[in-house]
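Asks: In this text, residue positions in the sequence shown follow the UniProt record's numbering: the first is 1, and each later residue adds one.
Provided herewith is a single structure, encoded as structure tokens, for subsequent inquiry.
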Amino acid sequence: MSLSEPTLSRGNIGRTLTSTALPLGILMLVAMMVLPLPVFLLDVFFTLNILMALLILMVALHTYRPLDFSSFPSLLLVATVFRLALNVASTRIVLSEGHTGTAAAGQVIEAFGAFVIAGNFVVGIFVFLILVIINLVVITKGAGRVSEVSARFTLDAMPGKQMAIDADLNAGVLTAEEATKRREDVAREADFHGAMDGASKFVKGDAIAGILILAINLIGGLAIGTMQHDLAVGEAAQLYVLLSIGDGLVAQIPSLLLSIATAIIVTRVSSSQDMAEHIKSEVSMSRAWFPVAGVLGLIGLVPGMPTLLFVGVAAFAGLAGYVFRKRELLGDTEIEEAEPAGSEDTNSDNLKVTDVADLSAVTLQLSYPLLSMVDSEDGGPLARRIKTVRSEVSQALGFVLPGIRVRDDLALAANEYRIKIGQTVVAENKIYPDHKLALPSGTSRIKLQGIDVKEPSFGIDATWILPEREVEAEANDYVIIEPETVLATHLSQILRKHASELIGQDDVQELLDNLSRVVPQLVQSVVPKLMPLHNLTAVLRHILRERIPISDLRLILELLSEMASRNLGIAETAEALRPHLVGLLIQQTTPLNQPLPVVTLDSDFEHLLINSAKQSEGEQLLLDGTLAERLVQSLVRLNEEQAETGKKAFLVVSPQIRRKFSAFLRQYIADFPVLSFTELPDGRKVDVIATVSGEETMTPAK
């Protein structure tokens, strides 16, 4: 610990200094535009300006892809502002002190002006204008156009790239971490090209500003020198033209370097090589150099042409083509030695099942607007809710649920989500991350303004409202639910409904291994001696299918050992276990001190169902279409009414039809438990809330 603490401390100090230096530097740039600078500092800053421009150009030349220099737009802005601040500071000195001599604005400006002018003012001005035209019209304009087109095409291609990443992820070609990194790269690429589209305008504006500043220095200097300091026109021109040209050049040359760097970055194609290696690898084709040598040789033979020069260059081109040709032949030989004749390249076909199979047991797919709910370092509020849901449902059902994979899907409509069990879509709905869901209670009197929907878990009428209406909704007895809670509740319901599909032999074996630490003899005597592992898994699936927890595995094994001599099938075994386990289901919904709300069937209607069950084969219960529809509608309405009051009702029927009636009802209502009279707990108070008959839809209990 003592070794790592100094390292962390130095790293923190470095980050603090870096984060502090940049804001202070920006403030200094602004101050340079207002406060006068000493000549010595002006020389230092001009030298640093050239250093910065050269450094940025070299980094641009050695990047493999544009994103490797993603800070370029910000650096370009800082460099441009720095250069303009120097222009303002130098203009102040040129106009105020230029009459004292050519060294008034420092040695850097004097040296640049004297070198370019070389005694001829007109030549110096035209050289400067040519540099500005090259920068503004050729390089900057071209780079700006490329930036604009690159940004447009990058943004247009973004959905396709995201879908390609999702396709690779679903096929198993990418891991979740690789897919996340790819998505981040796609988003960074779009942000980079968008920023470069704007940053290229900085360079263009800087070039225009250079021309204007030169004109101001020339005109203002001549006016000040002749009118205020009584200089002759020739003498004033000699002083102020040299200072103006020097000032313009010392700023324009770094601007030209940055323009070149901008053009290199926006025209750079992603590659595994830097720019020099990339160009070298693509221009070193012998087939291109030999024709070039021939054409140059022919031009050298034309009368009047410098024959020696053209023939010499043609010979150089021919020699280069010969060297490149030998290198190509050597490369082919190495490839043939590495891959002997008759061998097959199996790399492209070397696919495994893990490369194309998605083994996720539960997948939550989110549309793009919903990604904000999971877009943070700790996964966001939705990720935390999903973790809680998985833990709660696992404890309630009695086995550890598999991990829930969350991924984005651009094919989904806005605000839509989808839940998959294996590869099957089992639920989908919409939530609005910038709204809240308002559920009416029995005392709610007004209608809220918002998006009217059905609550996805229980089908209750609800409204998505804006956060500013939350106080109004609560004042009118609405229950307000966060969007991540709505989705998590729906996910919890789906996990409970499909729990039987989420448990496998490995999960059951894990439960047995854990139980064997406490009662090893019981586990060994039942599995696999009395019941194989796959049969036990099938029995537990039957139990879970009707929402009964399997948390008391010890009791289940003891009962199985007692029923071993009865030679029951899988379904019959699960049915025989139910009376001993149904209390685990009841205690999750109804406290022990409250009566159990039940719905019964009219005796005549129940006899009708018993006769129908005897006549029907298999697990299906055959009912008349009209009768079945009326029955389902009655139970759906009753289930919704109970859900609004926060209670869970149980349908109690005869043991002869319980299993078939439960299978029939699960097709329409997933969370309406069906019990038999023999499964009601002894000594438990029962409250009959309604009776269903074949003629009347429902008779409320008195």
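Glycine included, each C-beta is placed from N, C-alpha and C at the ideal position.
As the structure is a computational prediction, the values presented were derived from the model and not from experiment.
Who are the Cβ neighbours of H435 in its own chain at under 8 Å, not counting the five residues just before and after it?
Replies: Position 435 of the sequence shown holds residue 435. Closer than 8 Å at the Cβ level, and outside the excluded window around H435, lie G450, I451, W464, I465, L466, P467, P483.
Asks: From this set, Y64, H99, S90, M52, which residue's C-alpha is nearest T80's C-alpha?
Replies: Within the sequence shown, the letter at position 80 stands for residue 80. Looking at the Cα atoms, M52 is the closest of the given residues.
Asks: Please look up how many angstroms separate the CB atoms of A209 and L222, rounded, as I've assumed it's under 8 Å.
Replies: Translated into the one-based positions of the sequence shown, residue 209 becomes position 209. Translated into the one-based positions of the sequence shown, residue 222 becomes position 222. At roughly 20 Å, the Cβ-Cβ gap does not stay under 8 Å, so A209 and L222 are not in contact.
Asks: Please report the residue range of the beta strand (DSSP E) in which E428 lies.
Replies: By 1-based counting over the sequence shown, the position of residue 428 is 428. 424-430 is the span of the beta strand (DSSP E), which, as asked, contains E428.
Asks: Under 9 Å between the Cβ atoms of D507 and V400?
Replies: Within the sequence shown, residue 507 is the residue found at index 507, counting from 1. Within the sequence shown, residue 400 is the residue found at index 400, counting from 1. Yes, the pair counts as a contact, with Cβ atoms nearer than the cut-off.
Asks: From which residue to which residue does the alpha helix (DSSP H) around A690 run?
Replies: Within the sequence shown, the letter at position 690 stands for residue 690. First-last for A690: 686-692, but that is the beta strand (DSSP E), not the alpha helix (DSSP H).
Asks: Using three-state DSSP, classify V374 as helix, strand or coil.
Replies: Locating residue 374 in the sequence shown gives position 374, counting from the first residue. Correct three-state label for V374: coil.
Asks: Go ahead and label A690 buried or exposed: buried means 16 or more other beta carbons lie within 10 angstroms of its beta carbon, across all protein chains shown.
Replies: Counting from 1 along the sequence shown, the entry for residue 690 is found at position 690. When all chains shown are included, A690 counts as buried.
Asks: A438 to L370, Cα distance in whole Å?
Replies: Numbered from 1 along the sequence shown, position 438 holds the residue referred to as residue 438. Numbered from 1 along the sequence shown, position 370 holds the residue referred to as residue 370. Whole-angstrom Cα-Cα distance: 19 Å.
Asks: Tell me which same chain residues have a C-beta within less than 7 Å of the C-beta of Q509, skipping the five on either side of it?
Replies: Locating residue 509 in the sequence shown gives position 509, where the first residue counts as 1. Contacts found: L533.
Asks: Mind checking whether L540 and I503 have CB atoms under 9 Å apart?
Replies: For the purposes of this step, residue 540 is taken as the residue at position 540 of the sequence shown. For the purposes of this step, residue 503 is taken as the residue at position 503 of the sequence shown. Yes, these two residues count as a Cβ contact at 9 Å.
Asks: For L319, which option in A89, G294, L397 has the closest C-alpha, if you only look at C-alpha atoms?
Replies: Mapped onto the sequence shown, residue 319 falls at position 319. That would be G294, whose Cα lies nearest to the Cα of L319.
Asks: May I have the straight-line CA-CA distance separating D247 from G113, to the nearest angstrom?
Replies: As a working mapping, residue 247 is identified with position 247 in the sequence shown. As a working mapping, residue 113 is identified with position 113 in the sequence shown. Those two C-alpha atoms are separated by around 7 Å.
Asks: In angstroms with no decimal places, state the Cα-to-Cα distance between A338 and F316.
Replies: As a working mapping, residue 338 is identified with position 338 in the sequence shown. As a working mapping, residue 316 is identified with position 316 in the sequence shown. Summary for A338: the model assigns pLDDT 40, below 50, so the residue's position carries little reliability, and this model does not support an answer.
Asks: What separation, rounded to the nearest whole angstrom, lies between the Cα atoms of N135 and V313?
Replies: Locating residue 135 in the sequence shown gives position 135, counting from the first residue. Locating residue 313 in the sequence shown gives position 313, counting from the first residue. If you take the alpha carbons of N135 and V313, they lie about 30 Å apart.
Asks: Give me, in chain order, the residues of the same chain whose beta-carbon lies closer than 7 Å to that of V393; leave out the 5 immediate sequence neighbours on both sides.
Replies: As a position in the sequence shown, residue 393 is number 393, starting the count at 1. Excluding residues within five positions, the ones whose Cβ falls inside 7 Å are L401, S492, L495, R496.
Asks: Nearest by alpha-carbon distance to V292: which of R637, A576, G321 is it?
Replies: Here residue 292 is taken as the residue at index 292 of the sequence shown, counted from 1. Of the listed residues, the one whose Cα sits closest to V292 is G321.
Asks: In angstroms, rounded to a whole number, what distance separates the CA positions of G25 and V78?
Replies: The residue labelled residue 25 in the question sits at position 25 within the sequence shown. The residue labelled residue 78 in the question sits at position 78 within the sequence shown. Their Cα atoms are separated by approximately 9 Å.
Asks: Could you check if L212 is buried or exposed, using at least 16 other CB atoms within 10 Å of its CB as the buried criterion?
Replies: Along the sequence shown, one-based indexing puts residue 212 at 212. With fewer than 16 Cβ atoms within 10 Å of its Cβ, L212 is classed as exposed.
Asks: Could you check whether the segment 663-680 touches the segment 623-640, counting it as contact only if at least three pairs of C-beta atoms, one from each stretch, sit closer than 8 Å?
Replies: Yes, they touch.
Asks: Can we say the segment 240-257 touches the segment 48-63, given the rule of at least three CB pairs closer than 8 Å?
Replies: Result yes; three or more Cβ-Cβ pairs closer than 8 Å.
Asks: Any idea what DSSP makes of D191, helix, strand or coil?
Replies: Working through the sequence shown from its first residue, we reach residue 191 at position 191. Helix.
Asks: How big is the Cα-Cα spacing for R469 and K430?
Replies: Within the sequence shown, residue 469 is the residue found at index 469, counting from 1. Within the sequence shown, residue 430 is the residue found at index 430, counting from 1. If I take the Cα positions, the gap works out to 20 Å.
Asks: In the DSSP output, what is Y478 paired with across the bridge?
Replies: Your numbering for residue 478 matches position 478 in the sequence shown. DSSP lists P440 as partners of Y478.
Asks: Between G683 and V674, what straight-line distance do the alpha-carbon atoms span, to the nearest angstrom?
Replies: Sequence index remark: in the sequence shown, residue 683 carries index 683 (1-based). Sequence index remark: in the sequence shown, residue 674 carries index 674 (1-based). So the two alpha carbons sit approximately 19 Å from each other.
Asks: Suppose the cutoff is 7 Å on Cβ atoms and the five residues either side in sequence are ignored; what does the same chain contact list for V519 look like?
Replies: Against the sequence shown, residue 519 aligns to sequence position 519. Answer for V519: R554, listed in chain order.
Asks: Straight-line CA distance for L568 to A613?
Replies: Residue 568 sits at position 568 when you count from the first residue of the sequence shown. Residue 613 sits at position 613 when you count from the first residue of the sequence shown. For L568 and A613, the distance between alpha carbons rounds to 20 Å.
Asks: Which class does E679 belong to by DSSP, given the choice of helix, strand or coil?
Replies: Walking along the sequence shown from the start, residue 679 turns up at place 679. If DSSP states are grouped into helix, strand and coil, E679 belongs with the helices.
Asks: When the Cα atoms are used, what is the spatial distance from T175 to A190?
Replies: One-based indexing of the sequence shown puts residue 175 at position 175. One-based indexing of the sequence shown puts residue 190 at position 190. Roughly 23 Å separates the two Cα atoms.
Asks: Straight-line CA distance for V94 to K181?
Replies: As a position in the sequence shown, residue 94 is number 94, starting the count at 1. As a position in the sequence shown, residue 181 is number 181, starting the count at 1. When rounded, the distance between both Cα atoms is 53 Å.
Asks: Beta carbon of D166, beta carbon of D409: below 9 Å?
Replies: Along the sequence shown, read from residue 1 onward, the residue named residue 166 stands at position 166. Along the sequence shown, read from residue 1 onward, the residue named residue 409 stands at position 409. The answer is yes: Cβ separation under 9 Å.
Asks: Should F72 and I265 be called a contact, given that it needs their Cβ atoms to be closer than 9 Å?
Replies: Looking up residue 72 in the sequence shown gives position 72. Looking up residue 265 in the sequence shown gives position 265. Yes, the Cβ-Cβ distance between F72 and I265 is below 9 Å.
Asks: For F46 versus I109, is the C-beta distance shorter than 9 Å?
Replies: Taking the sequence shown and counting its residues from 1, the one referred to as residue 46 is at position 46. Taking the sequence shown and counting its residues from 1, the one referred to as residue 109 is at position 109. Yes; because the gap between Cβ atoms is below 9 Å, this pair is in contact.
Asks: If you run the structure through DSSP and keep just helix, strand and coil, what is Q505?
Replies: In the sequence shown, the residue the question calls residue 505 occupies position 505. Three-state DSSP puts Q505 in a helix.
Asks: Starting from the C-beta of V311, find all residues in its chain whose C-beta is less than 7 Å away, skip the five residues before and the five after it, and write them out in chain order.
Replies: Reading the sequence shown from its first residue, position 311 is the one you call residue 311. Taken in chain order, the residues that qualify are G297, G300.
Asks: CA-CA distance, S654 and L382?
Replies: One-based indexing of the sequence shown puts residue 654 at position 654. One-based indexing of the sequence shown puts residue 382 at position 382. For S654 and L382, the distance between alpha carbons rounds to 43 Å.
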